[in-house]
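Just so you know, we're using the numbering used here here: the sequence shown kicks off at 82 and counts up by one. Even glycine gets a Cβ: it sits at the ideal position worked out from N, Cα and C. A short worksheet on the structure shown next.
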Amino acid sequence: MNAWIRVALPLVLSAAACGREELLHDLDERQASEVVVALDDGGIAAHKVRPGGEGGYSVEVAASDAPRALRILAERDLPRPRPAGLGEVFGKGGLVPTPTEERALYQHALAGELARSLESVEGVVGARVHLALAEADPLRPAERPLPRASVLVRCRPSACATVRTLEPGIRALVAGAADRLEGAAVSVVVTEAREAPRPVAPARPRAGLALGLAAAAGAGAVAALASWFWLRLRGRARRPSAGGA
Numbered sequence: 082m083n084a085w086i087r088v089a090l091p092l093v094l095s096a097a098a099c100g101r102e103e104l105l106h107d108l109d110e111r112q113a114s115e116v117v118v119a120l121d122d123g124g125i126a127a128h129k130v131r132p133g134g135e136g137g138y139s140v141e142v143a144a145s146d147a148p149r150a151l152r153i154l155a156e157r158d159l160p161r162p163r164p165a166g167l168g169e170v171f172g173k174g175g176l177v178p179t180p181t182e183e184r185a186l187y188q189h190a191l192a193g194e195l196a197r198s199l200e201s202v203e204g205v206v207g208a209r210v211h212l213a214l215a216e217a218d219p220l221r222p223a224e225r226p227l228p229r230a231s232v233l234v235r236c237r238p239s240a241c242a243t244v245r246t247l248e249p250g251i252r253a254l255v256a257g258a259a260d261r262l263e264g265a266a267v268s269v270v271v272t273e274a275r276e277a278p279r280p281v282a283p284a285r286p287r288a289g290l291a292l293g294l295a296a297a298a299g300a301g302a303v304a305a306l307a308s309w310f311w312l313r314l315r316g317r318a319r320r321p322s323a324g325g326a
């Protein structure tokens with residue numbers, strides 16, 4: 082039996098691999114992991130692969146599970162684009178931006194970096210940060226309005242209670258990233274992320290019950306056969322012999 086398993090197992094695994102279908106590609110590692118976890122929660126076995134060991138990640142599922150996997154990802158809004166940080170915004174090169182454009186790019190990059198930090202918190206599946214950092218007016222520097230910020234955090238339902246206890250820390254994190262931004266001026270909203278319902282597996286008869294039914298059926302057949310032979314024997318015993326006729 083062990084020898085048969087050693088021979089058959091590679092063939093079975095090879096056949097299973099051939100039945101996979103690439104669902105997504107060119108993902109970073111975080112996006113691929115989020116997709117695999119979401120599909121696993123939905124009852125679908127997914128595999129994170131990196132073709133050639135470099136470049137982006139791909140996610141593969143069984144071909145028969147692909148339609149349901151796409152529905153689960155659509156319900157969860159996955160994969161989510163990663164917020165652009167300082168490296169992505171200012172590493173593109175190109176023409177020299179105007180001071181106004183440079184300030185807008187800086188705010189956008191800073192918000193992306195803060196969102197990445199919040200998404201690293203356990204239980205958080207997505208975060209958005211909006212910064213309102215007013216530029217000083219050279220003619221009226223004393224009238225510069227104070228900066229403000231808004232934060233939206235989406236978390237798994239099972240983790241939202243813990244994330245809400247971290248709201249003071251979230252305010253402090255965002256406030257510490259911008260000049261003159263106070264924690265009281267940071268609004269934080271924590272909301273539950275949608276989760277796809279788990280599939281309900283069809284009921285299957287237990288092995289013991291199935292064996293019991295089979296045994297009962299076999300016993301009934303044996304009893305019926307024995308009863309038939311008994312009736313035949315009784316019929317022959319009652320039949321008159323040829324010499325007594």
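- Residues Gly204 of the same chain have their beta carbon placed closer than 7 Å to that of threonine 243, with the five preceding and five following residues left out of the count.
- For the pair histidine 128 and arginine 237, the Cα-to-Cα distance works out to about 22 Å.
- Residue Ile251 holds the alpha-carbon nearest to the alpha-carbon of alanine 265 among Ile251, Gly137 and Glu273.
- In this structure arginine 245 touches valine 271 by the C-beta definition: roughly 5 Å separates them, less than 8 Å.
- In the pairwise beta carbon analysis, the stretch 210-225 is classified as touching the stretch 181-197: at least three pairs are separated by under 8 Å.
- According to DSSP, valine 177 shares a beta bridge with no other residue.
- With contacts defined by Cβ atoms closer than 8 Å, leucine 108 and glycine 137 form a contacting pair.
- Where arginine 209 is concerned, the enclosing beta strand (DSSP E) starts and stops at 205-213.
- When rounded, the separation of the alpha-carbon atoms in alanine 147 and leucine 254 is 40 Å.
- Classified as buried, leucine 262 has 16 or more neighbouring CB atoms from the shown chains inside 10 Å of its CB.
- Relative to alanine 196, the option among Leu233, Glu182 and Glu224 whose CA is nearest is Leu233.
- Fully contained in the stretch 96-167 are the following alpha helix (DSSP H) runs of length 4 or more, in chain order: 110-122 and 147-156.
- Of the residues Gly133, Glu141 and Asp121, the one whose Cα lies closest to the Cα of glycine 100 is Glu141.
- Taking the CA atoms as reference points, proline 178 sits about 49 Å from glycine 124.
- Counted as a single uninterrupted DSSP element, the alpha helix (DSSP H) harbouring valine 255 occupies residues 248-256.
- Bounds of the alpha helix (DSSP H) holding alanine 242 are 241-245.
- By the CB criterion at 8 Å, arginine 229 and alanine 217 fall outside the cutoff.
- Serine 201 and alanine 256 have their C-alpha atoms some 18 Å from each other.
- Here alanine 144 has Gly100, Arg101 and Glu102 as same chain residues with Cβ atoms under 8 Å from its own Cβ, once five neighbours each way along the sequence are excluded.
- Of Leu199, Val116, Glu115 and Ser239, the smallest CA-CA separation from alanine 258 is found for Leu199.
- Taking every protein chain shown into account, the CB of alanine 223 has fewer than 16 other CB atoms within 10 angstroms, so this residue is exposed.
- DSSP places leucine 186 within a helical segment (H, G or I) once states are collapsed to three.
- At a Cβ-Cβ threshold of 8 Å, arginine 157 and alanine 113 do not count as neighbours.
- Cβ neighbours of serine 139 within its own chain (closer than 6 Å, five residues either side excluded): Glu103, His106 and Val130.
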